[in-house]
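Here the structure comes first, spelled out in structure tokens, and everything after it is commentary.
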Amino acid sequence: MRVPIRRRGAGITPAGQAAQHNDDRQSSGYARMAGWSGVAFAVLFTLGLALVRQSPGLGATDADYAAFYAAGPGNVLVTLGLYIVPFAGIACLWHMNATRTLLQVLRPRSWSQIPHWLNLAAGVVFVCMLFVGAAAVGAVALLTQFSDAPLPPPDVARTLSAVGYAAVFVYGVRAAGMYMITTTGLARSAGLLPRAAAVVSYLAATFLLVSTTFHPAILLVFPAWVLLFSILLLVRRPSGVTS
23 MRVPIRRRGA
33 GITPAGQAAQ
43 HNDDRQSSGY
53 ARMAGWSGVA
63 FAVLFTLGLA
73 LVRQSPGLGA
83 TDADYAAFYA
93 AGPGNVLVTL
103 GLYIVPFAGI
113 ACLWHMNATR
123 TLLQVLRPRS
133 WSQIPHWLNL
143 AAGVVFVCML
153 FVGAAAVGAV
163 ALLTQFSDAP
173 LPPPDVARTL
183 SAVGYAAVFV
193 YGVRAAGMYM
203 ITTTGLARSA
213 GLLPRAAAVV
223 SYLAATFLLV
233 STTFHPAILL
243 VFPAWVLLFS
253 ILLLVRRPSG
263 VTS
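Numbering-wise (our numbering), the sequence shown opens with residue 23 and increments by one.
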């Protein structure tokens, strides 16, 4: 499927055709890079979240906290999740920058628009909050694997979890929503998103911006959207790209 992005004149010179072909090749390459890195992010983020989420939640009792960190298997899974989350963040940065570069190729003046820079800021803030939140939630589990020091009391572990939850659910989720809004607007103006996908994107982003729940399912909205956007980039080729 072709995405109509720019019209070609009937009297393009050979030099112009060569430049157009070069732009088409660049667009195709950046679309593939953004698409596959987005798929990688969605998979790694979901896996990392599932592992880190093994730690006790904010509503767990002191006995639950003590029992979890005294046992070994749960701590190993959380620690493994801590090492997966950075790769999810790296994939997210690749996806964001490949998408931004693709938009810059398709719409060279997009850099002068405010959403272009809000998009960059929101993506970076999301990754930072993801790292901070995962580190806080998994700190005690990491301690059990790499130190023989006495475990902190349950109230300390709960406080660290609260910091992590605040970083991800309060700040990170809203940064993700802002990233979705700006990306959708820029991609829609470049012809990369169909209207239906844009509407779904705006609704999902609004949900993240106004949500107040700490349920882990809400964190799956963003990777699900990235996966949808990535599939569209892989399936819908920019105009002029040859098979």
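Every residue, glycine too, gets a C-beta built ideally from N, C-alpha and C.
All of these numbers come straight from a predicted model, not from anything done at the bench.
(1) Within a Cβ cutoff of 8 Å, which residues of the same chain sit near leucine 230, ignoring the five residues on either side of it in sequence?
(2) In its own chain, which residues sit with a C-beta less than 6 Å from the C-beta of valine 145, not counting the 5 before and 5 after it?
(3) DSSP on threonine 204, reduced to helix/strand/coil?
(4) For serine 233, which residues from the same chain have a beta carbon less than 6 Å from its beta carbon, with the 5 sequence-adjacent residues on both sides left out?
(5) Please determine if the segment 222 to 229 and the segment 179 to 191 are in contact, where contact requires at least 3 C-beta pairs separated by less than 8 Å.
(6) Which residue from Val248, Leu254, Val257, Arg258 puts its Cα closest to that of valine 65?
(7) Pull up the CB-CB distance for glycine 60 and serine 183, whole angstroms please, since I reckon it's below 8 Å.
(8) Would you identify the three-state DSSP class for threonine 228, choosing helix, strand or coil?
(9) Residues in its own chain within less than 6 Å of glutamine 76 by CB, not counting five upstream and five downstream?
(10) Using the beta-carbon count (16 or more within 10 Å), is isoleucine 106 buried or exposed?
(11) Looking only at its own chain, which residues have a Cβ that is under 7 Å from the Cβ of threonine 204, when we skip the five neighbours before and after it?
(12) Kindly indicate which three-state DSSP category aspartate 170 falls into: helix, strand or coil?
(13) Assess contact between the segment 167 to 186 and the segment 213 to 223, defined as three or more Cβ pairs (one per stretch) separated by less than 8 Å. Is contact present?
(14) Beta-carbon within less than 6 Å of phenylalanine 67's beta-carbon, same chain only, minus the 5 sequence neighbours each way: which residues are those?
In terms of the structure at hand:
(1) Looking up residue 230 in the sequence shown gives position 208. Closer than 8 Å at the Cβ level, and outside the excluded window around leucine 230, lie Val195, Arg196, Ala198, Gly199, Met202, Ile240, Val243, Phe244.
(2) Taking the first residue of the sequence shown as position 1, residue 145 is located at position 123. First, the amino acid is wrong: residue 145 is glycine here, not valine. Excluding positions up to five away in sequence, the list reads Met118, Tyr201.
(3) In the sequence shown, counting from the first residue as 1, residue 204 sits at position 182. Residue state, collapsed to three classes: helix.
(4) Indexing the sequence shown from 1 puts residue 233 at position 211. Counting only Cβ-Cβ distances below 6 Å, and skipping sequence neighbours, we find Ile240.
(5) no
(6) In the sequence shown, residue 65 corresponds to position 43, counting from 1. Measuring from the Cα of valine 65, the nearest candidate turns out to be Val248.
(7) What you label residue 60 is simply residue 38 of the sequence shown in a count that begins at 1. What you label residue 183 is simply residue 161 of the sequence shown in a count that begins at 1. About 29 Å separates the two Cβ atoms, so there is no contact after all.
(8) Within the sequence shown, numbered from 1, the residue matching residue 228 stands at position 206. DSSP places threonine 228 in helix when its eight states are reduced to three.
(9) Position 54 of the sequence shown, counting from 1, holds the residue named residue 76. Counting only Cβ-Cβ distances below 6 Å, and skipping sequence neighbours, we find Gly96, Leu99, Val100.
(10) Stepping through the sequence shown from its first residue, residue 106 is reached at position 84. By the neighbour-count rule (16 or more Cβ atoms within 10 Å), isoleucine 106 is buried.
(11) Within the sequence shown, residue 204 is the residue found at index 182, counting from 1. Contacts found: Pro137, Leu140, Asn141, Ala144.
(12) Taking the sequence shown and counting its residues from 1, one reaches residue 170 at position 148. Aspartate 170 falls in the coil class under three-state DSSP.
(13) Because the criterion of three Cβ pairs below 8 Å is not met, the segment 167 to 186 and the segment 213 to 223 do not touch.
(14) Counted from its first residue, the sequence shown places residue 67 at position 45. For phenylalanine 67, where only same-chain residues beyond five positions count, the Cβ hits under 6 Å are Ala110, Pro245.
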